[in-house]
Amino acid sequence: MARIIVVTSGKGGVGKTTTSAAISMGLALKGYRTAVIDFDVGLRNLDLIMGCERRVVYDFVNVINGEAALNQALIKDKRCDKLFILPASQTRDKDSLTSEGVGKVLGDLSKDFDYIVCDSPAGIERGAMLAMYYADDAIVVTNPEVSSVRDSDRMLGILASKSRRAERGEEPIKEYLLLTRYSPHRVKLGEMLSVEDVQDILSLHLLGVIPESKAVLNASNSGVPVILDEKSDAGQAFSDVVRRYLGEDVTHRFIELEKKSLFGRLFGG
Amino acid sequence: MPATHSESAEFSQTFEIKSGVVNLPILRLLTADVEKLSSQLRLKISQAPDFFRHAPMAIDLHNLVDPNAEIDFASLVRVLRNCDLVPVGICGGFEKHQQAAQAAGLSSLTLARQESPQQPQATPSKPKVPPEDVHSRIIEQPVRSGQRIYVPGGDLVVMSQVSPGAEIMADGNIHVYGSLRGRALAGVQGNLGCRIFCQDLQAELVSVGGHYRISENIDDSLRGVPVQIFLLDQSLIIERI
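So the sequences go chain by chain: L and D.
Residue numbering for the first sequence follows my numbering, starting at 1 and increasing by one per position.
Residue numbering for the second sequence follows my numbering, starting at 1001 and increasing by one per position.
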């Protein structure tokens, strides 16, 4: 049985798809068979970030409608053979997703995979509700600013009450906080909420802090999940996140303003 | 048809006896004059015949002007039946009333809440099952933005935080042991004696019995500290505790 992870936030543009791509790649690199599903039907993005947009034949909605078999629609990643991508449809809308259809696809995937990562669309409408409904774990992606924190809080309320686990009275979804686009420098200037501020409001288990980084945009533009950019701060931060998710005890990084090294000071780096 | 769960069962249960609470309309008798009552009752019922059709009816004797008056239960029952009502029993009255009522096929009922105890209970009731306050609710999880919790007829205790954009309401008191950042409304059915207690007041709005105050009008000295909120002479008081 696969563990189903939803990457969600409520608010748009906070880094859900970047996170889904990075975490699914990270899990696959650790040797787990991982599928990542784009639930953002109508606005598909995940295939771009994963760099497989030119290999899409069938999509999630085709599978739900029985127009294609699951293995026809799954795209195997070229960099890691444990990772498969199920792209969203560009031509349909989110009403094409049915609860039974999504449940069936997840059920079928569960037999073959260790982890299923659901990349939720923004908002709290149908697509987002279905992305989280079957989840076992939720990674709540939040930017350090008030409206994102508020939306995440709202999403947490929905996770606690509208999921299948909640409806069946089972053990609740495990919720993790992932703080993205964090800039210790701007926190120091008082322009951004600190980790403590966000934790004060959300009081969640902190899975990691991803620093604001040029590497993320570069990675998206070139279709390479940022976790593969091992030299970058964001790439390392995502590696830490995956290790933490898998139960390793990894110290948090990128939270404090780093002191400039002697070299840095000498060369103004 | 027998209510069998499995056809193989030789001895299947045909009934269960349970205790339950039923709401009954109560006919509060003020006079023992059945004839007078009959005409007034007909008039009343003609105004809403569907509402009363086949309605069970309890007869309450607590408010009789003359508590000692003899009552002709047989004709009272007839009057009620003629009005399409189903008299089931009497509440209150003396021993003689109860006997007469029984003779007319009525049972003796006890009002759950005696509003005007004309017959103070002489013997203190036997030790009963400890009263269980089923109406109060304890929430241990954070109450998130967009969530609404309402506790009808009781108190609400939140062990965790209440986020901005969340709304907690109770007919009784509200206690919040985390930070209160959302809205808290106590005594929403108009109970002015209710209070809100919280460890850390950062609320968007607090209200007791409909008297409310919004965040903007809460003094800064009361923010982030433990307070109680109550009504005094129609005005909302927020007091440090």
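Glycine is no exception: its CB is placed at the ideal position from the N, C-alpha and C atoms.
| Asked | Found |
| --- | --- |
| Can you give me the Cβ contacts of V250 (chain L) inside the same chain, cut-off strictly under 6 Å, excluding the 5 residues immediately before and after it? | D240, R243, R244 |
| Counting only runs of 4+ residues fully inside the stretch 1007-1094 of chain D, write out the alpha helix (DSSP H) ranges in chain order. | 1034-1047, 1049-1052, 1073-1082 |
| Do you know how far the Cα of L1232 (chain D) is from the Cα of G12 (chain L)? | 46 Å |
| Tell me whether the beta-carbon of V140 (chain L) lies closer than 8 Å to the beta-carbon of I201 (chain L). | no |
| Does the beta carbon of S1163 (chain D) come closer than 8 Å to any beta carbon on chain L? | yes |
| Taking 8 Å as the cut-off, decide whether the C-beta atoms of R126 (chain L) and S89 (chain L) are in contact. | no |
| Measure how close the beta-carbons of C1194 (chain D) and P1226 (chain D) come, nearest whole angstrom, since I'm counting them as under 8 Å. | Rounded, the Cβ-Cβ distance is 18 Å, inconsistent with contact. |
| With distance defined between alpha-carbon atoms, name the residue in D:E1035, D:I1026, D:P1152 nearest to G1092 (chain D). | D:I1026 |
| How about A1058 (chain D) and V1079 (chain D): are their beta carbons less than 8 Å apart? | no |
| Considering Cα atoms alone, identify which of D:N1023, D:H1097, D:D1220 is closest to D956 (chain D). | Look at the range of chain D in this structure, 1001 to 1241, and you will see that residue 956 (chain D) is not part of it. |
| Would you mind telling me which residues of chain L sit closer than 7 Å to S1145 (chain D), beta carbon to beta carbon, in chain order? | R150, D153, R154, G157 |
| Measure the C-alpha to C-alpha separation of G129 (chain L) and M155 (chain L) and round it to an integer number of angstroms. | In the sequence on display, residue 129 (chain L) carries Met and not Gly. In a straight line, the C-alpha of M129 (chain L) is about 10 Å away from that of M155 (chain L). |
| Do I1237 (chain D) and I1229 (chain D) count as a contact pair if the criterion is CB distance below 8 Å? | yes |
| Which stretch, first to last residue, makes up the beta strand (DSSP E) that contains V1151 (chain D)? | 1148-1151 |
| Decide if D1033 (chain D) is buried, meaning its Cβ has at least 16 other Cβ atoms within 10 Å, or exposed. | exposed |
| Which runs of the alpha helix (DSSP H), 4 residues or longer, sit entirely within the stretch 143-192 of chain L? | 146-162, 164-168, 184-188 |
| Going along chain D, which residues have a C-beta under 7 Å from I201 (chain L)? | S1163 |
| Output, in chain order, the set of chain L residues within a Cβ distance shorter than 8 Å of P1049 (chain D). | Those within 8 Å of P1049 (chain D) in chain L number zero; the least Cβ separation is about 44 Å. |
| I'd like to know if A138 (chain L) contacts chain D, where contact means its C-beta is closer than 8 Å to some C-beta of that chain. | no |
| Which first and last residues belong to the alpha helix (DSSP H) in which H232 (chain L) is found? | Position check: residue 232 (chain L) holds Ser in this sequence, whereas His was assumed. Here S232 (chain L) belongs to no alpha helix (DSSP H), and DSSP marks it neither H nor E. |
| Indicate whether the contact test is met: 3 or more Cβ pairs, each with one atom in the stretch 95-104 of chain L and one in the stretch 48-55 of chain L, closer than 8 Å. | no |
| If A160 (chain L) and R1144 (chain D) are in contact, beta carbons under 8 Å, what's the gap, nearest whole angstrom? | 7 Å |
| Note down the Cα distance separating H185 (chain L) from L257 (chain L), rounded to an integer number of angstroms. | 6 Å |
| Determine the contact status of D38 (chain L) and L83 (chain L), defining contact as a CB-CB distance below 8 Å. | no |
| Would you check if there are 3 or more beta carbon pairs closer than 8 Å linking the stretch 222-238 of chain L to the stretch 196-213 of chain L? | yes |
| Going along chain L in order, which residues have a C-beta closer than 8 Å to the C-beta of Q1202 (chain D)? | Within 8 Å Cβ-Cβ: nothing; Q1202 (chain D) doesn't reach chain L, min ~10 Å. |
| Could you check what DSSP says for I1214 (chain D) in three-state terms: helix, strand or coil? | strand |
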